[in-house]
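To start, the structure itself, in structure tokens.
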Amino acid sequence: MSTTFNHKEIFVVVPAFNEQTVIRDVVSEIVAIGYTVVVVDDGSKTSPAPYLKDLPCYFLQHEINLGQGAALQTGIEFAREHNARYIITFDGDGQHNANDIEKLLTPLQTNEADFTLGSRFLKGAAQNMTGARKQTLQIAKLINYIFTGMRLTDAYNGMRALNPKAAALVKISENGMAHATELLTFIKKNKLRFQEVPVNIRYTEYSKNKGLTVWNGFRIFFDILLNKIFG
23 MSTTFNHKEI
33 FVVVPAFNEQ
43 TVIRDVVSEI
53 VAIGYTVVVV
63 DDGSKTSPAP
73 YLKDLPCYFL
83 QHEINLGQGA
93 ALQTGIEFAR
103 EHNARYIITF
113 DGDGQHNAND
123 IEKLLTPLQT
133 NEADFTLGSR
143 FLKGAAQNMT
153 GARKQTLQIA
163 KLINYIFTGM
173 RLTDAYNGMR
183 ALNPKAAALV
193 KISENGMAHA
203 TELLTFIKKN
213 KLRFQEVPVN
223 IRYTEYSKNK
233 GLTVWNGFRI
243 FFDILLNKIF
253 G
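One gets the working numbering by counting positions in the sequence shown from 1 and adding 22 to each.
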């Protein structure tokens, strides 16, 4: 089956919080391929809007910082309202490679999956991760398994792709980083077909200061636990 598609029908949702130093490069790389980009500014202290001047992208803004999960939900809803064929989630800190988007899309286009998840640890992926971050991700993988029963090779990788069926069902209620585990619960609950796909991660001095930490891992655990008890 052919995997050709109209790139403009692919909406790439980029949540951004204080990413003004890198956001233009991130968006430029995506739009150069021809995808439709939706940047969701999650209440940054300095708005990234001026840095996106003249770039062909949608720009949405939260008045206050709500969390990455909330930014993703805003972007996904917007993409659906604009008849996106497929929706990609893509971090705004510059660690992802826009050329990997097509790899995420292929299982959706060939109807082998409803939801694809990027993995730094599958054969064919490249990453320059520190030992400390690898240990943190091991904790995150354990948290995912405890709450979802799903054994994945990676955890909290921001690159994902959703087909229309998955996008229509998704409803992220965990505003913070716990949304990643919530999405796995959502996949399992709705019996969606999923695949992990190798993606390349490029850690820079800037992006090393972003993302998951050990402290965040424990916060995620307790956020999910409290939600299960009181939600």
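Ideal Cβ positions, reconstructed from N, Cα and C, are used throughout, including at glycine.
Give the straight-line distance between the Cα atoms of Phe-243 and Gly-171, rounded to the nearest whole angstrom.
Here residue 243 is taken as the residue at index 221 of the sequence shown, counted from 1. Here residue 171 is taken as the residue at index 149 of the sequence shown, counted from 1. Caution applies to Phe-243, whose pLDDT of 47 falls short of 50 and renders its modelled position unreliable; the value that the coordinates give is listed next. The C-alpha of Phe-243 lies about 14 Å from the C-alpha of Gly-171.
Buried or exposed: Thr-158, going by 16 or more other Cβ atoms within 10 Å of its Cβ?
Counting from one through the sequence shown, the residue named residue 158 turns up at place 136. Thr-158 should be labelled buried.
Three-state secondary structure (DSSP) at Phe-100?
Translated into positions along the sequence shown, residue 100 becomes position 78. Phe-100 falls in the helix class under three-state DSSP.
So, for Gln-42: in the same chain, excluding its five sequence neighbours on each side, which residues have a beta-carbon less than 6 Å away from its beta-carbon?
Position 20 of the sequence shown, counted from the start, is the residue given in the question as residue 42. Closer than 6 Å at Cβ, skipping near neighbours: Thr-68, Pro-70, Tyr-73.
Terminal residues of the alpha helix (DSSP H) in which Ser-50 lies
Counting from one through the sequence shown, the residue named residue 50 turns up at place 28. Per DSSP, Ser-50 belongs to the alpha helix (DSSP H) from 45 to 55.
Under 8 Å, do Val-219 and Leu-126 count as touching if we go by C-beta distance?
What you label residue 219 is simply residue 197 of the sequence shown in a count that begins at 1. What you label residue 126 is simply residue 104 of the sequence shown in a count that begins at 1. Taking 8 Å as the cut-off, the Cβ atoms of Val-219 and Leu-126 count as close.
What whole-angstrom Cβ distance do Phe-216 and Ile-209 have, given they're in contact under 8 Å?
Taking the sequence shown and counting its residues from 1, the one referred to as residue 216 is at position 194. Taking the sequence shown and counting its residues from 1, the one referred to as residue 209 is at position 187. Phe-216 to Ile-209, Cβ: 5 Å. Contact.
Length at least 4, wholly inside the segment 110 to 186: the alpha helix (DSSP H) runs in chain order:
As far as the segment 110 to 186 is concerned, its whole alpha helix (DSSP H) runs of at least 4 residues are 123 to 131, 153 to 170.
Would Asp-47 be called buried (16 or more neighbouring beta carbons within 10 Å of its own) or exposed?
Position 25 of the sequence shown, counted from the first residue, corresponds to residue 47. When all chains shown are included, Asp-47 counts as exposed.
Following the continuous beta strand (DSSP E) through Ile-32, name the residue where it begins and the one where it ends.
Counting from one through the sequence shown, the residue named residue 32 turns up at place 10. Element bounds for Ile-32: 32 to 38.
In terms of residue numbering, what span does the beta strand (DSSP E) encompassing Thr-226 cover?
To locate residue 226, count along the sequence shown from 1; it is residue 204. Membership of Thr-226 in any beta strand (DSSP E) is not indicated, and neither H nor E is assigned to it by DSSP.
For Ala-93 and Lys-145, what's the separation of their Cα atoms in angstroms?
The residue you call residue 93 lines up with position 71 of the sequence shown. The residue you call residue 145 lines up with position 123 of the sequence shown. Cα to Cα, the separation comes out at about 31 Å.
Which word fits Pro-37, buried or exposed, when buried means at least 16 other C-beta atoms lie within 10 angstroms of its C-beta?
Numbered from its first residue, the sequence shown carries residue 37 at position 15. Looking at its Cβ environment, which holds 16 or more other Cβ atoms inside 10 Å, Pro-37 is buried.
Whole angstroms are fine: how far does the CA of Ala-106 sit from the CA of Val-34?
Within the sequence shown, numbered from 1, the residue matching residue 34 stands at position 12. Within the sequence shown, numbered from 1, the residue matching residue 106 stands at position 84. Straight-line Cα distance between these residues: approximately 9 Å.
Distance CB(Leu-174)-CB(Lys-187) smaller than 8 Å:
Translated into positions along the sequence shown, residue 174 becomes position 152. Translated into positions along the sequence shown, residue 187 becomes position 165. Taking C-beta atoms as the reference points, Leu-174 and Lys-187 fail to come closer than 8 Å.
Of the choices Thr-203, Ala-183, Asn-212, Asp-63, whose alpha-carbon is the least far from that of Val-221?
Residue numbering aside, residue 221 sits at position 199 when the sequence shown is read from its first letter. Of the candidates Thr-203, Ala-183, Asn-212, Asp-63, the one whose C-alpha sits nearest the C-alpha of Val-221 is Ala-183.
Near Gln-117, which residues of its chain fall below 7 Å by C-beta distance, leaving aside the five closest residues on each side in sequence?
Counted from its first residue, the sequence shown places residue 117 at position 95. Ile-223, Arg-224, Tyr-225, Ser-229, listed in sequence order.
Leaving out five residues before and five after Asn-185 in sequence, what residues of the same chain have Cβ atoms less than 7 Å from its Cβ?
In the sequence shown, the residue the question calls residue 185 occupies position 163. Excluding positions up to five away in sequence, the list reads Tyr-108, Leu-130, Asp-136.
Which residue wins for smallest C-alpha separation from Tyr-57, given the options Ala-120, Gly-65, Tyr-178?
Numbered from 1 along the sequence shown, position 35 holds the residue referred to as residue 57. With distances taken between Cα atoms, Tyr-57 lies closest to Ala-120.
Excluding the five sequence neighbours on either side, which residues of its own chain have a C-beta within less than 7 Å of the C-beta of Asp-113, listed in chain order?
Here residue 113 is taken as the residue at index 91 of the sequence shown, counted from 1. For Asp-113, the CB contacts under 7 Å within the same chain, skipping 5 residues up- and downstream, are Gly-180 in chain order.
Taking all protein chains shown into account, do 16 or more other C-beta atoms lie within 10 angstroms of the C-beta of Ile-55, making it buried, or fewer, making it exposed?
The residue given as residue 55 occupies position 33 in the sequence shown. So Ile-55 ends up on the exposed side.
Tell whether a beta-carbon distance below 8 Å holds between Asp-115 and Gly-140.
Counting from one through the sequence shown, the residue named residue 115 turns up at place 93. Counting from one through the sequence shown, the residue named residue 140 turns up at place 118. Gly-140 is positioned such that its CB atom lies no closer than 8 Å to that of Asp-115.
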